[in-house]
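Numbering (the working numbering), first residue to last: 7 to 91. To keep things clear, I will list the structure first and then write my remarks on it.
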């Protein structure tokens, strides 16, 4: 996988926390720590979306037309129908 750089600014306490996690051996580098947090966030988001879809399927009948899907994802259409942001 190709890698690229992203510069971020952190307050000193957060920077220190990351450095402590790396020093303790939990992570090899600060980048590994940040990548891990991003993966966790993606998994949590996926879980929330899955729960919302299951709720929609279990709750009521929802009809989605091809026109509603044009240029939009199924998840965004279902969220709109359920009144969720």
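Positions of the beta carbon are idealized from the N, C-alpha and C atoms, including for glycine. Just so we're clear, the structure is a prediction, and the values are computed from it rather than from any experiment.
- The C-alpha of residue 11 is placed about 40 Å away from the C-alpha of residue 70.
- The three-state reading of DSSP puts residue 12 in coil, since its state is none of H, G, I, E or B.
- Residue burial annotation: residue 84 is buried, with at least 16 other C-beta atoms found within 10 angstroms of its C-beta.
- Residue 86: member of the alpha helix (DSSP H) spanning 80-88, first to last residue.
- Boundaries for residue 32: no alpha helix (DSSP H) harbours it, and the DSSP string shows neither H nor E there.
- For residue 64, there are no CB contacts under 8 Å within the same chain when 5 residues up- and downstream are skipped.
- For the set 25, 47, 48, the Cα lying nearest the Cα of residue 37 is the one of 25.
- In the three-state reduction of the DSSP assignment, residue 70 falls in the coil class.
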